[in-house]
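Beneath this line is the structure, given in structure tokens, with notes to follow.
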Amino acid sequence: MSDHHDHELPTGRNLLISILMNVVITVSEVVGGLVSGSLALLADAFHNATDTLAGVLALWTLRLGRRAHDEQYTFGYRRAEILSAGINAGAMVVIAFVLFREAYERFLHPVPIKGGIMLAVALVGLVANLMSVLLLHRSAGESLNIRGAYLHLLSDTLSSVGVVVGGVVVTLWHVTWVDPLVTVLVAAWVLKEAFSVVREAGGILMERAPEGLELARLDADIRALPHVKDLHHVHVWQLSDTETMFEGHVNVDNISVCDTGPVREQIQELLHDKYGVTHATLQFEYESCKGAGLIVHSRD
Numbered sequence: 429m430s431d432h433h434d435h436e437l438p439t440g441r442n443l444l445i446s447i448l449m450n451v452v453i454t455v456s457e458v459v460g461g462l463v464s465g466s467l468a469l470l471a472d473a474f475h476n477a478t479d480t481l482a483g484v485l486a487l488w489t490l491r492l493g494r495r496a497h498d499e500q501y502t503f504g505y506r507r508a509e510i511l512s513a514g515i516n517a518g519a520m521v522v523i524a525f526v527l528f529r530e531a532y533e534r535f536l537h538p539v540p541i542k543g544g545i546m547l548a549v550a551l552v553g554l555v556a557n558l559m560s561v562l563l564l565h566r567s568a569g570e571s572l573n574i575r576g577a578y579l580h581l582l583s584d585t586l587s588s589v590g591v592v593v594g595g596v597v598v599t600l601w602h603v604t605w606v607d608p609l610v611t612v613l614v615a616a617w618v619l620k621e622a623f624s625v626v627r628e629a630g631g632i633l634m635e636r637a638p639e640g641l642e643l644a645r646l647d648a649d650i651r652a653l654p655h656v657k658d659l660h661h662v663h664v665w666q667l668s669d670t671e672t673m674f675e676g677h678v679n680v681d682n683i684s685v686c687d688t689g690p691v692r693e694q695i696q697e698l699l700h701d702k703y704g705v706t707h708a709t710l711q712f713e714y715e716s717c718k719g720a721g722l723i724v725h726s727r728d
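Converting from the sequence shown to this note's numbering requires adding 428 to each position, the first position being numbered 1.
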């Protein structure tokens, strides 16, 4: 538990720094977008504003997830982080469609753009976003919640790259349609990444088994253990992106209750080491639930 807590301290600090940097970027891009007339800058500012809110939500749920289990929430509060990831990704989907609409309007009704101002502000945003991405890069692979905030920041970085390129083109060749084109490309990437997070968060909230877990192989591995005759009434689900739960009935030979102890330890070790199960609840039986399948398809 202490390792997990120690890991969250630098993660929370880095997340807070990225939030503060996003506030600075948002203000500078709003001013720069209004002065230069660049839709790409304003779109990036809007995106950064939502990233700030996403970061605040991620930070809050990260701290909420540390709270100890209690009588009301016996599984703890870790799923708050999954909700945060889903909300952040949902916000990204909305943002993407708003950007598509604004880009369409700008294609139809182009306006003059001050490329020099657009480029200067975009460069500031690019540097700040890149620093934020580097701060959260390591933690993004360890938490779906942080990954949601990280994707916001990474999309901002790509957006800033696009705006910088657009600023160069507008400044040198006065090609204003590049501005909404960059907006469309950024929105498309945001949409793709958002659906990925929504899918993963939704699967966890629906108590889906971890991707790649082959239940038939798991069943065969447990049946191969001494004294185990069959496995049935199995449930496997993700409590969070780092916790996998397992429960099932184990039909064993006619052995004493104390003899089931070593069997239980073997099953739990197998589930943990090979299938990543963090908590297993096993019910031992002898000649019970005859004919029951590995999964009960009707309601228990």
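Beta carbons are placed, not taken as given, at the ideal position from N, Cα and C, and that holds for glycine.
V451 is the residue among C717, V451 and E713 whose C-alpha sits nearest the C-alpha of L581.
If the five residues before and after A550 are omitted, its C-beta is found closer than 7 Å to the C-beta atoms of L469, S588, V591, V592 and G595, all from its own chain and listed in chain order. With a contact defined as Cβ atoms closer than 8 Å, V662 and L722 qualify at about 5 Å. The residues N442, I445 and S446, in chain order, have a CB closer than 7 Å to that of L563 in the same chain once the five nearest residues on each side in sequence are set aside. With three or more CB-CB distances shorter than 8 Å, the region 523-533 counts as touching the region 600-620.
Looking at the backbone, the Cα of V618 and that of E715 are separated by about 54 Å. When the alpha-carbon of G576 is set against those of E693, M634, A508 and Y703, the nearest one is in A508. According to DSSP, residue pairing for A708 in a beta bridge involves F674. If the five residues before and after V705 are omitted, its C-beta is found closer than 6 Å to the C-beta atoms of T672, F674 and L699, all from its own chain and listed in chain order. In the three-state DSSP reduction, E713 falls in the strand class (E or B).
For the 8 Å CB-CB criterion, S456 and G553 form a contact. For H663, the uninterrupted beta strand (DSSP E) segment begins and ends at V656 to Q666.
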